[in-house]
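End of the sequence shown sits at 220 in this note's numbering; the numbers just go up one at a time, nothing left out.
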Amino acid sequence: MSLSNSVMENPKSPGATGEFSLPEWETTPRHRGEKQQKAAAETFKESLLDHLNRLMPAHRKYLGLSRKVACIIIAVVVAAILVLIIGLAAGLSHRSSDHKSLPLGSQTYTGDLTYYDPALGACGATSSDNDNIVSISHTVFDAVSKGSDPNANPLCGHKLRVVLNGKSLDLKVVDRCVGCKPTDLDVTPGAFKRLANPDLGRVVMSWAWLAPVPNT
């Protein structure tokens, strides 16, 4: 039997009737979903363009600029503001996280105690060798700073209690110590002598903030 005879004898054959059937993959739910998504996207695009035309007609000038240029500038400004907001939020979050690892709570801390020759401190107070004052770590001092003026630091004037070998001494924060680790303290020669032999130069002690605990 020839090909032509086969077509003639089978009228339902697509080749004989000219009918076209969609491939199976085009009739699947996935394909229909993709078409619906494309249609929704086109509808959204048309709606957005319609709102834009109402708000900013294309034929008008905006500060001497075409609508396209004005929209680009607006988009750049909005993006810059969003970046700034996100950056500030991230910075505040990071700062809050840093505070949690610093000795700013009500618990007891352990660190090195040393002494120095005091003068005009970061808090704006001048101290003498015999004063019961303390210089705290620059890491802690700077972390809670509210501005460029160190005299306004929230820790200035706060008191803490040092305990060593059964002795205790209350000290007032007046300065920042550049060479101190977060839990180290630097005091006057007189204050150190009240707690330990000055010949030691450096000793390990415990300390805690006195109420009210710094609220930073």
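Heads up, the beta-carbon is just placed ideally off N, CA and C, and yes, glycines get one too.
Please confirm whether residue i and residue j have their CB atoms less than 8 Å apart.
{"i": "Pro-107", "j": "Thr-187", "result": "yes"}
{"i": "Gly-115", "j": "Lys-171", "result": "no"}
{"i": "Arg-71", "j": "Ala-84", "result": "no"}
{"i": "Leu-117", "j": "Leu-168", "result": "yes"}
{"i": "Pro-122", "j": "Ser-131", "result": "yes"}
{"i": "Ser-152", "j": "Asp-190", "result": "no"}
{"i": "Asn-157", "j": "Ser-149", "result": "yes"}
{"i": "Leu-173", "j": "Leu-199", "result": "yes"}
With respect to the beta strand (DSSP E) encompassing residue i, which residues constitute its N-terminal and C-terminal limits?
{"i": "Lys-185", "result": "First-last for Lys-185: undefined, no H or E at that position."}
{"i": "Ala-156", "result": "From DSSP, Ala-156 is part of no beta strand (DSSP E); its letter is neither H nor E."}
{"i": "Pro-116", "result": "The amino acid occupying residue 116 in the given sequence is Asp; Pro does not appear at that position. Unbroken beta strand (DSSP E) run through Asp-116: 113-119."}
{"i": "Leu-204", "result": "No beta strand (DSSP E) contains Leu-204, which DSSP labels as neither H nor E."}
{"i": "Leu-124", "result": "Counting along the chain, Leu-124 falls outside any beta strand (DSSP E), and DSSP gives it neither H nor E."}
Just to confirm the assignment, what range does the alpha helix (DSSP H) spanning residue i have?
{"i": "Asp-135", "result": "Careful: Asp-135 lies outside any alpha helix (DSSP H) and carries neither H nor E."}
{"i": "Asp-146", "result": "142-147"}
{"i": "Lys-197", "result": "193-199"}
Expressed to the nearest angstrom, what Euclidean distance is found between the alpha-carbon atoms of residue i and residue j?
{"i": "Ala-195", "j": "Arg-206", "result": "13 Å"}
{"i": "Glu-38", "j": "Ser-105", "result": "51 Å"}
{"i": "Leu-56", "j": "Leu-92", "result": "31 Å"}
{"i": "Trp-211", "j": "Val-81", "result": "50 Å"}
{"i": "Pro-193", "j": "His-142", "result": "20 Å"}
{"i": "Ile-89", "j": "Lys-197", "result": "51 Å"}
{"i": "Asp-146", "j": "Gly-68", "result": "48 Å"}
{"i": "Ile-76", "j": "Asp-54", "result": "18 Å"}
{"i": "Ala-79", "j": "Val-144", "result": "40 Å"}
{"i": "Gly-183", "j": "Val-73", "result": "55 Å"}
{"i": "Val-87", "j": "Gln-41", "result": "30 Å"}
{"i": "Ala-43", "j": "Ser-51", "result": "12 Å"}
In three-state DSSP terms, what is residue i?
{"i": "Asp-54", "result": "helix"}
{"i": "Ala-215", "result": "coil"}
{"i": "Arg-71", "result": "helix"}
{"i": "Leu-106", "result": "coil"}
{"i": "Lys-65", "result": "coil"}
{"i": "Lys-150", "result": "coil"}
For a cutoff of 8 Å on Cβ pairs, would you count residue i as touching chain B?
{"i": "Ala-123", "result": "Included in the structure is just one protein chain, with no chain B present."}
Quiz item: Can we say the segment 115-133 touches the segment 161-179, given the rule of at least three CB pairs closer than 8 Å?
Solution: yes
Quiz prompt | Segment contact, 8 Å Cβ cut-off, at least three pairs: the segment 202-219 with the segment 163-176 | solution = yes
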